[in-house]
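**Q** Here you go, one structure.
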Amino acid sequence: MCLERSRRKEGNPPCDGSSSGHLPRSIGADRSWERDAGMDGPLRGWHQAEPLLLLWIETCCFSGTPLGKILFFFFNVALLLTGAEQHAFDVSVWPENPVVEHRGSLWLNCSTSCREADARGGLETSLIWERRDNGSNWASFQLANITEWASAPECFFICDGERKATSANITVYRLPELVELDPVPAMEVGENYTFTCRVSSIAPIRNLSVTFLQGGKKLHTWTFEKHAEHEAGDVVVNHAVTARRTDHGEEISCSAALDLRPEGPLFEKASLNQLLKTVAFPTGPRLQIPPYVEADDDMAVTCDVVGVFPANQAEFDLTFMGTGLNVNVTVSGDTARAQAQVSLSNIGEEKLNCTVSLGPMVKSAVGSVNVYSFPEPSLEIRPSQVLANNPVAVTCDSPATQPPNVSLLIKNYLGRILASGDHLPLQLHLTAQEEDDGMEFVCEAELAVGGNTVTKRASANLTVFYVPKMDESTCPGNRTWVEGTRQRLRCTAKGNPEPSVACMKDGVAQAVDEEEEVARTHGGLYNCTATSGLGTTSRTVVVHVEYGPQLDESRCPSSQIWVEGRLQQLNCQADGMPVPEVSCTKDGEVYDTGKLQNITQSHAGVYHCNATNAHGSRGKIVTVKVEYGPAMDDSSCPDNWTWRGGTEQALVCSAKGSPEPVVECAKDGAAFHLGVLQHITKEHAGTYRCTATNVHGSVARDVTIHVEYEPEMDESNCPSNWTLVEGALPAFACKAEGVPPPTVICTKDGVSYPLSQGEGIPADSGIFWCNATNRHGTAAKSVTVVVETKPKMEESRCPSNQTWLEGTLRSVACEADGTPTPLVLCFKEGATEEFHQEQNISRNDSGVYQCEATNGHGTDRWTVTVQVEYRPTISLLAVSASLPIRRGTSFNVTCQADGSPPAVYTWRVPPASNLNYAGSNNVVTITGAGGQNSGVYECTASNKHGQHLSQVEIQVKDHWLYIIVVVAIASAAMLVLGGMAGVIYYLKSTACKKGEYNVRDAENSTEATCLNRERACDGDIYGIQLTRT
């Protein structure tokens, strides 16, 4: 950037782009140099600007600074490189179109593109100039005191003998000495006017514009582009307008603008502002004066103008007989009015002038007034005081008038004409009567003035003397006064001289014509007497005192008590004169006070009663209380209460009734205190009998109190130990006390059982954890349940078919399920004794037994069939033929045994071929007996309990000896068997039992067999029946 300090110090041209040296602007803005040189690209501009740039760099920036020297060196190198092949040159001047004030100075910078180092140039002009500085291919000139209005200095350079030049067109300007708006007069609305603006000594006029402004807005602008003269001159601009009301009070001005842009500045100057004044005066003034005025009277004069603007600026000049009047001016809208007072003394016609000026406008109006003379008339009564029935003369007269044509009238006080005429004086003759006393007579004079009649009057009174008289007009015989007003016992008497009047009431003198406040005691008869010097007269006066309505407690009690169901009426009567009418309303509706009503509670309330007569009205509030018997409902005594145990509560029960009932409540015959806080327990729950009583009766109401409390589980409703009977009531249930009823849930082995109140759950022994819950809390309890059952007999515990072994100790094998364990008793059908303990069983014990299982929960029955088994016993071993058997005889050997189960028969017989077995193998048939058939036939009957054998020896013979032998053998066998039985008995008694026993039927028992060593003794021994001896 340029160093401003260095430039100023050395006096070089400015570098800031001013009009005297704005080199960068010329270089950047004027591209014509490039076009003139015919070069392409950016270098073209450098060639054109070379000399000028050199000048600028050397002048502005080469003032000894290193930066300036470097720039100047590189700039010259660039010029050498770009201009090596160019031989033509150009000359340029800057600024090309300078603007300078008259008698001012400016700088011109001339430069060339010539490459000759010694190329020199100069300036040709008639102006005063001085070379200020120069360098290679450039020169700087200062032009001073420029006074020529049009000049074009020429810059030239000579290069290679060729001269080239260019001119700078200088614009010289002069600012106006004065911009003035001619004075604007007050303008009449609707008229045309011209505004004139004067601009003095300004140049160049072609750059001038003049603008009229009104109220801050442009009216019009004039320009002068076509003005050819360069010299300074005066400019006058006129602008025509039509005056409007809205223009009033606005500012008007004109302004001059000298626009030298873009080479120079813009100058503006304005005139002083002037206020516009517009006036409207469409019609002349209007003068208002009476046409005729009596002499020595003051006359009001009014002069106004209508439709003027501005009305407050209208000026009035009122003159009477050439003398100005003092006026009072008022303004209303677009009307201005002037008023004045004029005193008239001269008789005849006079002139009045009103002149109004508004701005430049003046208008006048002239009026005339006629002044006349009319003195007051006179009236005389002779004699003015006379006794009744005597003559009287009344005279009416008038002084001279101008004009003289006056008429006279005599009238009475009522305006009735008594006499009239044009001759002066006018007289009336009459005879005085009593009624003429104090009569006013009027003398009336009439004067015709300008078509109108002016009247003046004079009056006088006649006095007639007569004896006192009192009549209805002077002392009314009946009077009505209103209490509380102020009245006079006005009783006067006609008479002249005036009589004195005195009145008496009940022998007491009363004040006459003195105002008193009326009381009811003023009513009655008054005797009034009028007395004067001419006589006396009397009159009776009756006074009636009326008064407004009175509603007092005696006749209209403010509190009344009725009884529901009775026939009653509202008792409200008023005292007053005249008798008042009484009306009452309740809730806005009129109530019939004269009618009996069947009283209900709805009649209770506030009644607004009004008593009215001619003198006013009086209101009173009557409160009617309807008494009735007690009544209780849910609003006053709820029949259901819910309290929470442990809280403080009070039973509130009231009753509707009048008078207020006394309410008492009792529970189970015991009184309960109402409204008293009590600590609530479960015992408070129940039904209370509440009774409300007053003088009209009583009523009762049952009130139920529900006491809610948190759950409670005790032994009474949820025992800790339960013993239940399966299938029987009660089932297992756990109840909880609490209100509302708690929800009970019992849990066992992870399974929850919800229980409603009283509901059971399936019986199941074990421990249940029970919880009872309601909105007030929770209770928990452990319950141990033991389930007992009724006796139950079934096949598994009591087989319906049982098999016993004879000789064993047995009882009926019958048990029953049940808790507690049932007692089982069995009875054999047909037997009377109980079979309940082990017994030695015999075959007689077989049969049907009825068993009963019993415990505390019931009985079950079961039928058992017992089969007693026993070892076989051969009861029959018989031969069908007589023994001995004859040879060839066929016979049977039959073996029969009793045993249970039935015996199985086996035989041991002599071998023979003629044997056959029949039946159940218990019969042996021998066909054609022979000797081989002789022998012992042994029959063995066996079952699971043992065996029994029996033998028979059969001899087949032909004679009796054979039989004897057989018998003998049989006998021997019996002996042997008997011996064996003895041995067995001995062994048994010694080895097994203590004491002595008889062995019955033991010969073929298993023990006997064992003892006889007939078989092994390693099996079970079932015992044999023994009988103690």
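Residue numbers (my numbering): 69 to 1097.
No residue lacks a Cβ here, since even glycine has one placed at the ideal position from N, Cα and C.
1) How far does the beta strand (DSSP E) with H1104 in it reach, from first residue to last?
2) Considering only residues of the same chain and omitting the five flanking positions on each side of E514, which have a CB-CB separation below 6 Å?
3) Thinking C-alpha only, which one of P565, G563, N564 and V569 is nearest L557?
4) With DSSP collapsed to three states, give me the class of K431.
5) Measuring straight from C-alpha to C-alpha, what distance separates P567 and P459?
6) From N59 to A311, what does the alpha carbon distance come to, in whole angstroms?
7) On a CA-only basis, which of P333, R242 and R188 is nearest H170? Give me that one, please.
8) What does W217 pair with, by DSSP beta-bridge criteria?
9) Given a cut-off of 9 Å, decide if G284 and E319 are closer than it, judged by their beta-carbon atoms.
10) Would you call the CB atoms of V586 and Q618 closer than 9 Å?
11) Quick one: using the 10 Å Cβ neighbour count with 16 as the cut-off for buried, is S1104 buried or exposed?
12) May I have the straight-line CA-CA distance separating K286 from E331, to the nearest angstrom?
13) Go to E222, then tell me how far its beta strand (DSSP E) extends in each direction, as first and last residue.
14) For T391, which of helix, strand or coil comes out of DSSP?
15) Hey, would you say the C-beta of A980 is under 8 Å away from at least one heavy atom of the ligand ATP?
16) Using a 10 Å radius around the Cβ and a threshold of 16 neighbouring Cβ atoms, would you call V430 buried or exposed?
17) Report yes if the C-beta distance between L343 and G317 is below 9 Å; otherwise report no.
18) Answer with yes or no whether the minimum CB distance from K693 to chain D is below 9 Å.
19) So, is T239 buried or exposed, given that buried needs 16 or more other C-beta atoms within 10 angstroms?
20) Excluding the 5 residues flanking G592 on each side, which residues of the same chain have their C-beta closer than 8 Å to its C-beta?
21) Taking the CB atoms as reference points, tell me whether L891 and I942 lie closer together than 9 Å.
22) What separation, rounded to the nearest whole angstrom, lies between the Cα atoms of D372 and N421?
23) Could you please give the first and the last residue of the uninterrupted beta strand (DSSP E) stretch that includes Q1000?
24) Is the beta carbon of T289 sitting closer than 9 Å to the one on T279?
25) CA-CA distance, G352 and V369?
26) Hey, out of R329, I748 and L873, whose CA is closest to R712's CA?
27) Taking one C-beta from the segment 463-473 and one from the segment 385-392 each time, how about it: are there three or more such pairs within less than 8 Å?
28) In terms of alpha-carbon separation, which member of C596, N564, G563 and P565 lies closest to A579?
29) Let me confirm a value: Q1023 is counted as buried when at least 16 other C-beta atoms fall within 10 Å, else exposed. Which label applies?
30) Considering C838, what are the terminal residues of the beta strand (DSSP E) in which it resides?
31) What residue ranges within the segment 911-942 form continuous beta strand (DSSP E) runs of no fewer than 3 residues, ordered along the chain?
32) By Cβ distance below 8 Å, which residues in the same chain neighbour V631 in space, the five residues on each side in sequence not counted?
33) What separation, rounded to the nearest whole angstrom, lies between the Cα atoms of T857 and V793?
34) Label A804 either buried or exposed according to how many other C-beta atoms from any shown protein chain fall within 10 Å of its C-beta, with 16 as the threshold for buried.
35) Mind reading off the beta-carbon distance from L386 to A408? Whole number of angstroms is fine, and I expect it under 8 Å.
36) Taking C-alpha atoms, which residue in E583, E540 and N564 lies nearest to G603?
**A** Result, derived from the coordinates:
1) In this structure the chain extends from 69 to 1097, so residue 1104 is not present and cannot be described.
2) S475, T521 and T523
3) When only C-alpha atoms are compared, the closest one is V569.
4) strand
5) The straight-line gap from Cα to Cα measures roughly 24 Å.
6) Not covered by the structure: residue 59. The range shown for the chain is 69 to 1097.
7) R242
8) DSSP output for W217 lists no bridge partner at all.
9) yes
10) no
11) No answer is possible for residue 1104: the residues shown for the chain start at 69 and end at 1097.
12) 27 Å
13) Per DSSP, E222 belongs to the beta strand (DSSP E) from E222 to C227.
14) Collapsing the DSSP output to three states places T391 in a strand.
15) Ligands displayed in this structure: none; no statement on the ligand ATP is therefore possible.
16) Exposed.
17) yes
18) Of the protein chains in this structure there is only one, and it is not chain D.
19) buried
20) Once the five neighbours on either side are set aside, the close Cβ partners of G592 are K573, D574, V610 and V611.
21) Taking 9 Å as the cut-off, the beta carbon of L891 is found no closer than this to the beta carbon of I942.
22) 12 Å
23) Looking at the DSSP string, Q1000 is not in any beta strand (DSSP E), and its letter there is neither H nor E.
24) yes
25) 17 Å
26) I748
27) With a cut-off of 8 Å, the segment 385-392 and the segment 463-473 do not count as touching, because too few Cβ pairs lie within range.
28) C596
29) Q1023 is buried by the Cβ-count criterion.
30) G834 to N842
31) 915-923
32) I667, V694, E695, Y696 and H764
33) In a straight line, the C-alpha of T857 is about 5 Å away from that of V793.
34) buried
35) 5 Å
36) N564
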